[in-house]
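A.B. asks: If you count the sequence shown from 1, position 353 lands on 353 in UniProt numbering, and the numbers rise without skipping. Let me give you the structure first, and then I'll get to my questions.
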Amino acid sequence: MIIRYIYITENAKKLASRLCFDELKNEKINGESLKGKIISYKDFKNKSKDIFDSSDFLVFIMASGIVVRSIANLLESKFTDPAVLVIDELGKNVISLLSGHIGGANEMTNLIAEKISANPVITTATDINNKGAFDMLLKYTDAKIENIRDVCIDINSRLLKNENIYLYIQSEYINILKNYIKGFIIIDEFEAFKRKYKKNKLGYSQERFIIITDRLDYIESMEDVLSEKMQSAAVNDMQDELIFRTQNAIVSDMKALFMQSEVDSVLDKKIEDELIILIPRKNVLGVGCRKQTDSKLFESVILSYLEDKNVSIQSIKKLASIDIKKDEKCILDFSKKYCIETEFLSVEDISKFDMEYEKSDFVKNTVGVYSVAEPSCHILCEGNIITKKYKANGITVSLGRSK
Numbered sequence: 001m002i003i004r005y006i007y008i009t010e011n012a013k014k015l016a017s018r019l020c021f022d023e024l025k026n027e028k029i030n031g032e033s034l035k036g037k038i039i040s041y042k043d044f045k046n047k048s049k050d051i052f053d054s055s056d057f058l059v060f061i062m063a064s065g066i067v068v069r070s071i072a073n074l075l076e077s078k079f080t081d082p083a084v085l086v087i088d089e090l091g092k093n094v095i096s097l098l099s100g101h102i103g104g105a106n107e108m109t110n111l112i113a114e115k116i117s118a119n120p121v122i123t124t125a126t127d128i129n130n131k132g133a134f135d136m137l138l139k140y141t142d143a144k145i146e147n148i149r150d151v152c153i154d155i156n157s158r159l160l161k162n163e164n165i166y167l168y169i170q171s172e173y174i175n176i177l178k179n180y181i182k183g184f185i186i187i188d189e190f191e192a193f194k195r196k197y198k199k200n201k202l203g204y205s206q207e208r209f210i211i212i213t214d215r216l217d218y219i220e221s222m223e224d225v226l227s228e229k230m231q232s233a234a235v236n237d238m239q240d241e242l243i244f245r246t247q248n249a250i251v252s253d254m255k256a257l258f259m260q261s262e263v264d265s266v267l268d269k270k271i272e273d274e275l276i277i278l279i280p281r282k283n284v285l286g287v288g289c290r291k292q293t294d295s296k297l298f299e300s301v302i303l304s305y306l307e308d309k310n311v312s313i314q315s316i317k318k319l320a321s322i323d324i325k326k327d328e329k330c331i332l333d334f335s336k337k338y339c340i341e342t343e344f345l346s347v348e349d350i351s352k353f354d355m356e357y358e359k360s361d362f363v364k365n366t367v368g369v370y371s372v373a374e375p376s377c378h379i380l381c382e383g384n385i386i387t388k389k390y391k392a393n394g395i396t397v398s399l400g401r402s403k
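This is the structure in structure tokens:
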């Protein structure tokens, strides 16, 4: 991750050097090392947009007014802008100015303040009220949702008003989220969460329900309950109109009298993000396959494997294989279709781990290592492989979860 320290005065430059080469030199953020660069304010002004867009963190060591005026025309979104911090040149105060949650400015502010014994200044409402924040759940699960801005505002504002927001977290993800769930009502058991949600009358409650899981059975079960509730809500709301249209006739299928567009309109009004399903994108795949494997066959094998392991395809963030497969159409087609990142590893990288897994002399003679899928997966998930590898039709796949 790129962190740039921007200075004006000599005192500021000394503080930037201290942070870059001493205090934060070996720190990691979300498992990634920090790459520090020190630049003058003059150089920043000359290339402000390029520097802004290519940074993860910008630490300005100067007056906050200068910073605000310098970056005002660069801002786009709290979900894409880098984290911006301001420190006075004597290092007395560290201010989280921009992208406090998603960008990580609040966490970096606390880290720097601790390192240099400064006063951290954080102004986000959820933090100062000792509450969790929905955008922090998004950040640490890397889940994707629609209407992200509106949902974040809705959930965070409800947290601040102490409204009921029920949260179920699959056990494997509790540790990475435990620091960001204050104010949520935690339900430990999935079935208890489901029962609670089923009792809630769709569209008439201020309560919200959030489930964080990559399990197919849980996701499908909640979607089924939501569908039932939506259909029931649509029918109930249409009863008065139904009586008018049928002139009190007895009708066995009320929905049949309405255009689907009318039903959809009611459902859109009712859902109001009452149930939010967050699928963490923390799972990774290591794969191997024969040359020119058919794309449909490759997709079918992978999806069948994930279904058998009860894991949603939407939870797969990254896929890895050996670099000789970097142009393999089936891998590229699959990754593109499901928006999965790819990484192609060298023989040297894979050979560091291939002896730890089942070995194949044929694979060794063909590509230069004893196995591909498992050691590739091992590298992506730092050894946290969660199922045994699977082989079918010349395709091998291994599943892991990032720590």
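Cβ atoms here follow ideal geometry from the backbone N, Cα and C, with glycine treated the same way. Nothing here was measured: the structure is a model prediction, and the numbers come from that model.
#1: Under the rule that 16 or more other beta-carbon atoms within 10 Å means buried, what is Met-355, buried or exposed?
#2: So what does DSSP say about Thr-289, is it helix, strand or coil?
#3: Suppose you measure from the CA of Ser-117 to the CA of Lys-92; what does that come to, to the nearest Å?
#4: Count the other CB atoms within 10 Å of the CB of Cys-289; is the residue buried (16 or more) or exposed (fewer)?
#5: Pull up the DSSP beta-bridge partners for Leu-399, would you.
#6: Spatial neighbours of Glu-307 within its chain, please: CB distance less than 7 Å, with the 5 preceding and 5 following residues excluded, ordered by chain position.
#7: With burial defined as no fewer than 16 other Cβ atoms inside 10 Å of the residue's Cβ, what is the status of Ile-186: buried or exposed?
#8: Go to Gly-65, then tell me how far its alpha helix (DSSP H) extends in each direction, as first and last residue.
#9: Please classify Glu-328 as buried or exposed, where buried requires at least 16 neighbouring CB atoms within 10 angstroms.
#10: From the DSSP output, in three-state form, read off Lys-25 for me.
#11: Do you know offhand how far Lys-45's Cα is from Lys-28's?
#12: Go ahead and label Asp-99 buried or exposed: buried means 16 or more other beta carbons lie within 10 angstroms of its beta carbon, across all protein chains shown.
#13: Find out if the Cβ-Cβ distance for the pair Ala-375, Phe-353 is shorter than 8 Å.
#14: Of the choices Met-136, Leu-24, Gly-31 and Ala-12, whose alpha-carbon is the least far from that of Ser-402?
#15: Could you tell me which of Tyr-7, Gly-103 and Ala-192 sits nearest to Asp-135, measuring between CA atoms?
#16: I'd like the list of long-range same chain contacts for Lys-269, defined as Cβ closer than 6 Å, with 5 residues on each side in sequence excluded.
#17: Taking the CB atoms as reference points, tell me whether Phe-60 and Ile-6 lie closer together than 8 Å.
#18: Lys-196: which of Ile-95, Asp-349, Leu-275 and Thr-213 sits nearest, CA to CA?
#19: Within the chosen definition, does the region 296 to 304 reach the region 321 to 338 through at least 3 CB pairs nearer than 8 Å?
#20: Contact criterion: CB-CB distance below 8 Å. Does Asn-175 meet it with respect to chain D?
#21: What residue range is occupied by the uninterrupted beta strand (DSSP E) comprising Phe-344?
C.D. replies: In this structure, then:
#1: As a working note, residue 355 is residue 355 in the sequence shown. Under this definition Met-355 is an exposed residue.
#2: Against the sequence shown, residue 289 aligns to sequence position 289. Correcting the residue identity first, residue 289 is Cys in this sequence and not Thr. Correct three-state label for Cys-289: strand.
#3: Your numbering for residue 117 matches position 117 in the sequence shown. Your numbering for residue 92 matches position 92 in the sequence shown. Rounded to whole angstroms, Ser-117 to Lys-92 spans 8 Å at the Cα level.
#4: Looking up residue 289 in the sequence shown gives position 289. Counting Cβ neighbours within 10 Å, Cys-289 comes out buried, since at least 16 surround it.
#5: Translated into the one-based positions of the sequence shown, residue 399 becomes position 399. Its beta-bridge partners are Leu-285.
#6: Locating residue 307 in the sequence shown gives position 307, counting from the first residue. Contacts found: Leu-216.
#7: Taking the sequence shown and counting its residues from 1, the one referred to as residue 186 is at position 186. That one is exposed.
#8: Position 65 of the sequence shown holds residue 65. That run of the alpha helix (DSSP H) goes 64 to 71.
#9: By one-based count along the sequence shown, residue 328 stands at place 328. It is buried - the Cβ of Glu-328 has at least 16 other Cβ atoms within 10 Å.
#10: To locate residue 25, count along the sequence shown from 1; it is residue 25. Coil at Lys-25, not helix or strand.
#11: Against the sequence shown, residue 45 aligns to sequence position 45. Against the sequence shown, residue 28 aligns to sequence position 28. If you take the alpha carbons of Lys-45 and Lys-28, they lie about 28 Å apart.
#12: In the sequence shown, counting from the first residue as 1, residue 99 sits at position 99. A quick correction: the sequence has Ser, not Asp, at residue 99. By the 10 Å Cβ count, Ser-99 comes out buried.
#13: Translated into positions along the sequence shown, residue 375 becomes position 375. Translated into positions along the sequence shown, residue 353 becomes position 353. Strictly speaking, residue 375 in this sequence is Pro, with Ala absent from that position. Result yes, Cβ atoms of Pro-375 and Phe-353 sit closer than 8 Å.
#14: To locate residue 402, count along the sequence shown from 1; it is residue 402. For the residues Met-136, Leu-24, Gly-31 and Ala-12, the minimum Cα distance to Ser-402 belongs to Gly-31.
#15: Taking the first residue of the sequence shown as 1, we reach residue 135 at position 135. Checked all of Tyr-7, Gly-103 and Ala-192; the closest Cα to Asp-135 is Gly-103.
#16: Sequence index remark: in the sequence shown, residue 269 carries index 269 (1-based). Here the model assigns Lys-269 a pLDDT of 47, short of 50, so the residue's position is not dependable and the matter cannot be decided.
#17: In the sequence shown, counting from the first residue as 1, residue 60 sits at position 60. In the sequence shown, counting from the first residue as 1, residue 6 sits at position 6. A contact, by the Cβ cut-off of 8 Å.
#18: For this step, residue 196 is matched to residue 196 along the sequence shown. When each option's Cα is compared against that of Lys-196, the closest is Leu-275.
#19: yes
#20: Note that chain D does not occur in the displayed structure, where there is just one protein chain.
#21: By 1-based counting over the sequence shown, the position of residue 344 is 344. That run of the beta strand (DSSP E) goes 341 to 345.
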